[in-house]
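Undergrad: Structure in structure tokens, see below.
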Amino acid sequence: MSHTESTTETERVWMVERTFSADAPHILVLVYATTDGTQYHQKERAFNRFSGTVPEVTAAIEVEAEDLSTVDDAETRDRYAKETERMRERHAPDDAV
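Residues in the sequence shown are numbered from 232 upward in steps of one, following the numbering used here.
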């Protein structure tokens with residue numbers, strides 16, 4: 232019997248944006264980026280604004296490398312890189328932010 236070992240590569244990404252969806256105000260849109268700002272991962276979390284509970288958001292998450300998208304705009308790359316640096320200086324990866 233053979234055993235196949237998973238070799239999925241992950242990367243730590245840091246939260247750089249938190250907004251509400253313009254189309255659906257009950258959707259929290261989170262953007263996490265690599266420390267150099269060249270790649271990002273976007274997550275959407277549904278919640279009820281009026282219930283008083285908001286989904287917990289951490290300063291950083293681990294994402295499979297294949298789930299990262301490229302940041303094409305140089306200004307956005309620079310902004311993401313600066314924001315990841317700020318988050319890393321102020322928070323541990325598992326800190327709720």
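All C-beta atoms, glycine included, are put in the ideal place defined by N, C-alpha and C.
Pull up the distance between the alpha-carbon of M232 and that of T269, whole angstroms please.
TA: Here the question's residue 232 lines up with position 1 in the sequence shown. Here the question's residue 269 lines up with position 38 in the sequence shown. Note on M232: pLDDT 44, under 50, position unreliable in the model; the coordinate value appears next. In a straight line, the C-alpha of M232 is about 42 Å away from that of T269.
Undergrad: If you check the beta carbons only, do A291 and W245 fall under 8 Å apart?
TA: Residue 291 sits at position 60 when you count from the first residue of the sequence shown. Residue 245 sits at position 14 when you count from the first residue of the sequence shown. Yes. Within cutoff.
Undergrad: In three-state DSSP terms, what is D326?
TA: Taking the first residue of the sequence shown as position 1, residue 326 is located at position 95. Note: D326 maps to coil in three-state DSSP.
Undergrad: Using 8 Å as the limit for Cβ to Cβ distance, is T265 near chain C?
TA: The structure shown contains no chain C; it is built from a single protein chain.
Undergrad: Would you list, in sequence order, the uninterrupted alpha helix (DSSP H) runs of no fewer than 4 residues that lie entirely inside the stretch 286-316?
TA: none
Undergrad: Just confirm the distance between the C-beta atoms of T239 and E295, as a whole number of angstroms; I'd bet it's less than 8 Å.
TA: Taking the first residue of the sequence shown as 1, we reach residue 239 at position 8. Taking the first residue of the sequence shown as 1, we reach residue 295 at position 64. Contact holds; Cβ gap of about 6 Å.
Undergrad: Does E240 come out as helix, strand or coil in the three-state DSSP assignment?
TA: Within the sequence shown, the letter at position 9 stands for residue 240. The answer is coil: DSSP assigns E240 none of H, G, I, E or B.
Undergrad: Report yes if the C-beta distance between T223 and D326 is below 8 Å; otherwise report no.
TA: This structure leaves residue 223 out entirely; the chain is present only between 232 and 328.
Undergrad: Are the beta-carbon atoms belonging to V262 and S252 less than 8 Å from one another?
TA: Within the sequence shown, the letter at position 31 stands for residue 262. Within the sequence shown, the letter at position 21 stands for residue 252. The answer is no: Cβ separation not under 8 Å.
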